[in-house]
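In terms of my numbering, the sequence shown opens at residue 450 and continues consecutively.
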Amino acid sequence: MILAGSSTPALTRRQVLVAASGVMLAGIRHQGEIVHANAFDIEEIIKERIGDKSLQEGRVTLKIAPIVENGNTVPISLSVDSPMTPDDYVTAVHVFAEANPLPNVATFHFTPRSGKAQVATRIRLSDSQHVTAVAETSDGLAYITQRHVKVTLGGCSQ
450 MILAGSSTPA LTRRQVLVAA SGVMLAGIRH QGEIVHANAF DIEEIIKERI GDKSLQEGRV
510 TLKIAPIVEN GNTVPISLSV DSPMTPDDYV TAVHVFAEAN PLPNVATFHF TPRSGKAQVA
570 TRIRLSDSQH VTAVAETSDG LAYITQRHVK VTLGGCSQ
């Protein structure tokens with residue numbers, strides 16, 4: 450349709466609505482990409498939790514199945530090799546799931562009176578991802594371990 454006195458065609462209402470819908474959908478898709486990009490910045494999330502402590506491997510054992518059918522309830526068990534004496538003990542263990550909407554899944558606090566630094570629980574996983582456990586000790590050290598878990602049915606909604 451060309452308006453009188455104009456050589457350029459006018460847009461119909463349908464064309465305007467289609468164009469507006471495309472712009473809105475492009476924005477929604479872009480937001481999803483932003484969330485996905487932030488999901489893999491696990492090192493920064495760990496630093497926010499434990500500060501500038503250097504991470505060392507060892508002393509932490511994380512038991513989790515390599516393949517889980519349902520991400521709604523994933524059993525894990527953690528233990529840290531520590532004497533748990535007043536001079537040398539685990540103060541906290543943090544569990545992170547890098548692809549979850551909230552990656553800091555759990556934090557467990559310990560004292561020398563805990564006897565052992567171990568815990569068993571169930572967590573939710575939104576997708577296949579790395580699960581990371583970080584243990585902080587009373588002498589200011591931090592130990593890390595990581596396992597990859599394949600999830601066939603995700604358990605977190607975004």
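Note that beta-carbon positions come from the ideal geometry of N, C-alpha and C, so glycine has one too.
CA-to-CA, the gap between E506 and R573 works out to about 25 Å. Apart from sequence neighbours up to five positions away, the residues of its chain that approach V509 with a beta-carbon distance below 6 Å are V529, A582, A584, Y592 and T594, ordered along the chain. Contact between R596 and H543 is absent: CB atoms are separated by about 15 Å, not below the 8 Å threshold. P552 counts as buried, since no fewer than 16 other beta carbons sit within 10 angstroms of its beta carbon. Between A555 and M533 a beta carbon distance of about 20 Å is seen, past the 8 Å cut, so the two are scored as non-contacting.
If you look at K565, you'll find it isn't in any beta strand (DSSP E); DSSP assigns it neither H nor E. For E506, the enclosing beta strand (DSSP E) has its first and last residue at L504 to E506. Annotation for V517: V523, L574, V598, K599, V600 and T601 place their beta carbon closer than 8 Å to its own, counting only its chain and skipping 5 residues before and after. DSSP lists K512 and A569 as the bridge partner or partners of S526. Proximity to T560 across P535, N549 and A548 peaks at P535, based on C-alpha coordinates.
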